[in-house]
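To start, the structure under review is shown below, and the notes come after it.
There are 2 protein chains.
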Amino acid sequence: MRADTDLTAPTPFAARMSVEQVEEGLALAPKFDADGLIPCITTDASTGEVLMLGYMNGEALQRTITTGEAHYWSRSRQCLWHKGATSGLIQEVVELRIDDDQDAVWLRVKVASSGASCHVGYRSCFYRSVELGGPSGEPTRLVFTESRKSFDPKDVYGDAPNPTQV
Amino acid sequence: MRADTDLTAPTPFAARMSVEQVEEGLALAPKFDADGLIPCITTDASTGEVLMLGYMNGEALQRTITTGEAHYWSRSRQCLWHKGATSGLIQEVVELRIDDDQDAVWLRVKVASSGASCHVGYRSCFYRSVELGGPSGEPTRLVFTESRKSFDPKDVYGDAPNPTQV
Numbered sequence: 102m103r104a105d106t107d108l109t110a111p112t113p114f115a116a117r118m119s120v121e122q123v124e125e126g127l128a129l130a131p132k133f134d135a136d137g138l139i140p141c142i143t144t145d146a147s148t149g150e151v152l153m154l155g156y157m158n159g160e161a162l163q164r165t166i167t168t169g170e171a172h173y174w175s176r177s178r179q180c181l182w183h184k185g186a187t188s189g190l191i192q193e194v195v196e197l198r199i200d201d202d203q204d205a206v207w208l209r210v211k212v213a214s215s216g217a218s219c220h221v222g223y224r225s226c227f228y229r230s231v232e233l234g235g236p237s238g239e240p241t242r243l244v245f246t247e248s249r250k251s252f253d254p255k256d257v258y259g260d261a262p263n264p265t266q267v
Numbered sequence: 102m103r104a105d106t107d108l109t110a111p112t113p114f115a116a117r118m119s120v121e122q123v124e125e126g127l128a129l130a131p132k133f134d135a136d137g138l139i140p141c142i143t144t145d146a147s148t149g150e151v152l153m154l155g156y157m158n159g160e161a162l163q164r165t166i167t168t169g170e171a172h173y174w175s176r177s178r179q180c181l182w183h184k185g186a187t188s189g190l191i192q193e194v195v196e197l198r199i200d201d202d203q204d205a206v207w208l209r210v211k212v213a214s215s216g217a218s219c220h221v222g223y224r225s226c227f228y229r230s231v232e233l234g235g236p237s238g239e240p241t242r243l244v245f246t247e248s249r250k251s252f253d254p255k256d257v258y259g260d261a262p263n264p265t266q267v
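Taken in sequence, the protein lines are chains Y and U.
Quick note on our numbering: the first sequence kicks off at 102 and runs consecutively.
Quick note on our numbering: the second sequence kicks off at 102 and runs consecutively.
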């Protein structure tokens with residue numbers, strides 16, 4: 102939570118009391134990890150394609166629920182991240198799901214503009230498939246599944262630092 | 102890696118050298134987190150439904166690639182986990198993808214038997230959706246998206262400990 106969050110406001114999250122309540126209950130009781138984050142799988146609501154895996158802190162999850170637009174926690178920039186605020190590629194929430202032990206979120210979205218969600222310019226962040234099979238003595242090979250980028254990252258992000266860390 | 106892994110075998114993973122290589126290259130160079138794990142989104146290859154979010158260590162990822170059946174690292178049991186070894190609900194890999202910065206995996210699978218992947222008995226671990234909208238003063242409510250379980254966990258797992266941790 103950011104320092105300017107109103108801590109007197111009622112929390113939208115229930116306390117985690119028992120395995121039965123967490124797995125079979127009707128209250129949202131998310132489990133955040135040691136860094137205060139929960140992973141979020143984001144898919145295209147119409148095609149089912151996985152667009153990205155992001156992370157949310159409590160504020161990002163709360164804002165996603167209340168505004169209907171995807172918010173994440175940027176681990177590279179260490180700040181709340183309203184997806185599309187810079188690029189225009191806003192993700193409108195169609196459905197938000199929580200998993201059995203409530204430590205992962207699945208977001209089904211409709212993406213604005215070009216429909217892309219990947220900072221490299223592709224539609225999905227998962228634009229390469231892994232060759233299956235036995236060891237060859239060489240590193241496992243990748244095959245591109247998208248033939249061209251949906252946008253030019255330089256046009257959209259300019260000189261902003263690349264979030265990928267080696 | 103387990104102690105009995107053959108560390109003299111050639112690694113199937115490339116070293117991470119640059120942002121360009123990681124994002125645009127043709128060699129698998131996964132990034133494991135501080136615990137040695139990479140998150141894995143698993144979807145039903147025919148319906149696109151997200152079944153689960155699991156985690157893999159290097160050995161689990163390597164075995165998934167070489168055997169064509171999903172292997173994970175069980176964080177609750179702290180061991181390599183060949184999905185379906187107990188339940189029969191083997192996940193046959195149809196496609197394996199890696200994301201832009203190679204720190205997340207997307208597995209498209211065909212599930213054996215009942216087609217379920219959730220230890221609670223549902224088809225997907227994401228069997229509840231979150232009600233969207235403004236704060237009501239109450240915890241956010243959940244709605245079940247599957248009306249009945251695909252199997253009875255007691256029949257399949259017997260007295261094995263529940264992996265959900267409060």
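All C-beta atoms, glycine included, are put in the ideal place defined by N, C-alpha and C.
As the structure is a prediction and not an experimental result, all values here were calculated from the model.
Cα-Cα separation, residue i to residue j
| i | j | result |
| --- | --- | --- |
| tyrosine 173(Y) | glycine 185(U) | 33 Å |
| leucine 239(Y) | threonine 265(Y) | Note that residue 239(Y) corresponds to glutamate in the displayed sequence, not to leucine. So the alpha carbons of these two residues sit roughly 24 Å apart. |
| alanine 161(U) | glycine 169(U) | 11 Å |
| threonine 148(Y) | glycine 149(U) | 8 Å |
| valine 231(U) | serine 248(U) | 16 Å |
| proline 113(U) | tyrosine 156(Y) | 28 Å |
| phenylalanine 241(U) | leucine 127(Y) | First, the residue type needs correcting, since residue 241(U) is threonine and not phenylalanine in the sequence shown. Straight-line Cα distance between these residues: approximately 9 Å. |
| cysteine 141(Y) | leucine 233(Y) | 26 Å |
| valine 212(U) | valine 244(Y) | 24 Å |
| histidine 183(U) | valine 257(U) | 15 Å |
| valine 210(U) | tyrosine 228(U) | 18 Å |
| leucine 181(Y) | alanine 261(U) | 40 Å |
| asparagine 271(U) | proline 254(Y) | The shown model of chain U, from 102 to 267, leaves out residue 271(U), and the question about it has no answer. |
| alanine 104(U) | isoleucine 166(U) | Residue placement at alanine 104(U) is flagged as unreliable, the pLDDT there being 43, under the threshold of 50; a coordinate-derived value is accordingly withheld. |
| glutamine 179(U) | arginine 176(Y) | 26 Å |
| alanine 217(U) | threonine 246(U) | 14 Å |
| arginine 164(Y) | asparagine 158(Y) | 10 Å |
| glutamate 193(Y) | threonine 143(Y) | 11 Å |
| serine 271(Y) | lysine 132(U) | As displayed, chain Y neither begins before 102 nor continues past 267, which places residue 271(Y) out of reach and without an answer. |
| cysteine 226(U) | isoleucine 191(Y) | 27 Å |
| valine 120(U) | glycine 222(Y) | 14 Å |
Chain Y within 7 Å of residue i, Cβ atoms only
| i | result |
| --- | --- |
| serine 251(U) | no |
| methionine 102(U) | Reliability fails at methionine 102(U), whose pLDDT of 44 lies under 50, so the model's placement of it is uncertain and the value that follows must be treated cautiously. Chain Y contact via Cβ: absent. |
| phenylalanine 133(U) | no |
| aspartate 105(U) | In this prediction, aspartate 105(U) scores a pLDDT of 46, lower than 50, which makes its location untrustworthy; the coordinate-derived value is nonetheless stated afterwards. False, the Cβ-Cβ gap to chain Y never drops below 7 Å. |
Listed by chain order, chain U residues near residue i by CB distance under 8 Å
| i | result |
| --- | --- |
| histidine 220(Y) | Asp201 |
| isoleucine 142(Y) | Ile142, Val151, Leu154 |
| proline 240(Y) | Thr112, Pro113, Phe114, Ala115, Ala128, Leu129, Ala130 |
Chain U contact residues for residue i, given Cβ-Cβ distances below 9 Å
| i | result |
| --- | --- |
| serine 119(Y) | Val267 |
| glycine 137(Y) | Within 9 Å Cβ-Cβ: nothing; glycine 137(Y) doesn't reach chain U, min ~15 Å. |
| glycine 234(Y) | Ile166, Thr167, Gly169 |
Residue i and residue j closer than 7 Å at C-beta
| i | j | result |
| --- | --- | --- |
| arginine 117(U) | valine 123(Y) | no |
| aspartate 145(Y) | leucine 152(Y) | yes |
| arginine 224(U) | serine 251(U) | yes |
| alanine 130(Y) | alanine 115(Y) | yes |
| cysteine 219(U) | aspartate 204(Y) | no |
| leucine 208(U) | alanine 171(U) | yes |
Any C-beta of chain U under 7 Å from that of residue i
| i | result |
| --- | --- |
| proline 262(Y) | no |
| valine 231(Y) | yes |
Contacts that residue i makes with chain Y (C-beta to C-beta distance below 7 Å)
| i | result |
| --- | --- |
| valine 123(U) | Thr265, Val267 |
Chain Y residues whose Cβ lies nearer than 8 Å to that of residue i
| i | result |
| --- | --- |
| leucine 243(U) | Gly126, Leu127, Ala128, Leu129, Ile199 |
Q) In the segment 163–178 of chain Y, which residues sit with their C-beta less than 7 Å from some C-beta in chain U, listed in chain order? A) Ile166, Thr167, Gly169
Q) What residues from the segment 180–213 of chain U come within 7 Å of chain Y, judged by C-beta to C-beta, listed N to C? A) Val194, Glu196, Leu197, Arg198, Ile199, Asp200, Asp201, Asp202, Ala205, Trp207
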